[in-house]
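Report on the structure given below.
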Amino acid sequence: MAGPEPESPPPALPPAVLVLDRPPETRAEVERLCARLGELVRHSTPGPVIVDVGAAQRPVLAMVETLARLRLTARRLGREMRLRNTGGELAEVLARTGLDEVLTAPATLRIEPGGEAEEGEQPLGVQERVEPGDAPG
């Protein structure tokens, strides 16, 4: 007597890839792109979100703003964002503004110690307020 068939694993989810074919012309378009990115993240494998900008190389301010907004959306969803097919004038503008590093490098939220707390002071940069009438200490 044969046992039940082993269940096959669910199909693998695709990575989150958003293709930008042109710079958005309105804020509503940017909002739709951010919503689309959210949908892609919910139905994709864990890992960075890929934004393909190969067809949208015009370095207009709207494109730079859109990429920054998409990165914020990705971070809010717990994901990193990577640009793919960045080249030409868009790559130059991103490099000149320093946004190439922000939009392509993983963001870290490391808290680094700034030194040792002095005696009687709170660590981590907490400042104690001095009230009038306090004895000097």
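In the working numbering, each number is its position in the sequence shown, counted from 1, plus 3. Here a beta-carbon is modelled for each residue, glycine too, at the ideal position from N, C-alpha and C. All values reported here derive from a predicted model rather than from experimental measurement.
Using the rule of at least 16 other Cβ atoms within 10 Å of the residue's Cβ for burial, across every protein chain shown, is residue i buried or exposed?
{"i": "T69", "result": "buried"}
{"i": "V192", "result": "Nothing about residue 192 can be reported from this structure: the residues present for the chain run from 4 to 140 only."}
{"i": "L40", "result": "buried"}
{"i": "A77", "result": "buried"}
{"i": "T29", "result": "exposed"}
{"i": "T100", "result": "exposed"}
{"i": "L75", "result": "exposed"}
{"i": "E115", "result": "Because E115 sits at a pLDDT of 39, beneath the cut-off of 50, its placement in the model cannot be relied upon, and the point is left open."}
{"i": "T48", "result": "exposed"}
{"i": "R45", "result": "exposed"}
{"i": "A59", "result": "buried"}
I believe residue i touches residue j by the beta-carbon criterion, under 8 Å. Please report the beta-carbon distance rounded to the nearest angstrom.
{"i": "P54", "j": "L102", "result": "The amino acid occupying residue 54 in the given sequence is Val; Pro does not appear at that position. Rounded, the Cβ-Cβ distance is 13 Å, inconsistent with contact."}
{"i": "V52", "j": "A19", "result": "4 Å"}
{"i": "L106", "j": "L86", "result": "6 Å"}
{"i": "C37", "j": "L73", "result": "6 Å"}
{"i": "G57", "j": "N88", "result": "3 Å"}
Looking at the C-beta of residue i, does it have a partner C-beta in chain D at a distance below 7 Å?
{"i": "R25", "result": "The displayed structure is made up of one protein chain only, and chain D is not part of it."}
Unbroken stretches of the alpha helix (DSSP H), 4 residues or longer, contained in the stretch 9-95: The stretch 9-95 contains these whole alpha helix (DSSP H) runs: 30-45, 64-79.
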